[in-house]
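Numbers 117 to 296, taken from my numbering, label the letters of the sequence shown in order. Note that the Cβ used here is the ideal one computed from N, Cα and C, for glycine as well. From a predicted model like this one, the values you see are computed outputs, not experimental measurements.
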Amino acid sequence: LIGGAAIGTHLYKSKQSDNMTGMDHSSMSTQSHPTYSLNLMSGKNYSVAKSVRIHLAIQDQDGKVLKGFDTVHEKKLHLIVVRKDRANCQHVHPMLDKKSGTFTIEPFTFPTNGEYRIFADFTASNSQMGADGMKLAATPYQDVQVGDVSKYMPVGLGDDKLTSSVNGFDTNLFLPEGDN
Numbered sequence: 117l118i119g120g121a122a123i124g125t126h127l128y129k130s131k132q133s134d135n136m137t138g139m140d141h142s143s144m145s146t147q148s149h150p151t152y153s154l155n156l157m158s159g160k161n162y163s164v165a166k167s168v169r170i171h172l173a174i175q176d177q178d179g180k181v182l183k184g185f186d187t188v189h190e191k192k193l194h195l196i197v198v199r200k201d202r203a204n205c206q207h208v209h210p211m212l213d214k215k216s217g218t219f220t221i222e223p224f225t226f227p228t229n230g231e232y233r234i235f236a237d238f239t240a241s242n243s244q245m246g247a248d249g250m251k252l253a254a255t256p257y258q259d260v261q262v263g264d265v266s267k268y269m270p271v272g273l274g275d276d277k278l279t280s281s282v283n284g285f286d287t288n289l290f291l292p293e294g295d296n
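This is the structure in structure tokens:
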């Protein structure tokens with residue numbers, strides 16, 4: 117995907133801005149299954165360039181910790197950590213404590229100062245089925261502060277790159293006639 121990031125089952129189109137308010141949420145699907153929230157039990161302030169522990173739980177709309185997770189793409193939960201300007205992105209898989217329903221990732225390192233958004237992408241075991249016959253996934257998020265936010269220096273994403281060569285593999289992306 118060029119100029120965007122696929123997060124969970126939703127597509128966020130990025131625009132040249134220094135914050136996530138530039139994301140186009142119009143393509144997000146309406147979901148009728150339970151609402152979940154991401155509870156960052158380790159807090160919302162983290163050190164920069166140091167090993168930290170992120171401890172979290174997924175809670176339902178009644179505040180109860182969710183304990184039943186399906187394995188999707190070989191993991192129970194995918195944690196996606198993105199800096200405000202989208203210049204830093206990490207996709208990690210925290211360990212589930214089945215008894216408590218909490219997840220932990222340690223060590224984890226935020227590479228630079230700034231504001232980050234942490235997405236938790238998962239499918240609850242009791243999730244409703246979508247129109248396509250697949251269980252509906254959920255992707256709640258929380259914003260966190262890392263290091264000295266006053267030292268945050270946004271990085272421009274640059275122009276879209278439609279061709280790439282990596283390790284002898286060439287790719288070319290194009291839009292069909294009439295779609296550009």
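Tell me the rounded alpha-carbon separation between Glu231 and Cys205. 12 Å
What are the residues that DSSP puts in a beta bridge with Met245? Lys251
Just to confirm before moving on: does the CB-CB distance between Leu156 and Tyr257 stay below 8 Å? no
By the three-class DSSP mapping on this structure, what secondary structure does Lys267 have? helix
Three-way DSSP call (helix, strand, coil) for His209 in this model: coil
From the DSSP output, in three-state form, read off Thr152 for me. Note that residue 152 corresponds to Tyr in the displayed sequence, not to Thr. Looking at Tyr152 - three-state DSSP - the assignment turns out to be coil, as it is neither helix nor strand.
May I ask you to verify whether the region 246-263 touches the region 206-225, counting CB pairs closer than 8 Å and requiring at least 3? no
Please state the DSSP three-state secondary structure of Gly217. coil
Cross-strand partners of Glu231 (DSSP beta bridge): Gln261
For Lys183 and Gly217, believed in contact at Cβ under 8 Å, the rounded distance: 4 Å
Exposed or buried, Lys180, counting other C-beta atoms within 10 Å across all chains shown (16 or more means buried)? Counting C-beta atoms within 10 angstroms of its own C-beta, Lys180 has fewer than 16 neighbours from the protein chains shown and is therefore classed as exposed.
Going by other Cβ atoms of all chains shown within 10 Å of its Cβ, with 16 needed for buried, is Leu193 buried or exposed? buried
Helix, strand or coil, according to DSSP, for Asp176 in the structure here? Asp176 falls in the coil class under three-state DSSP.
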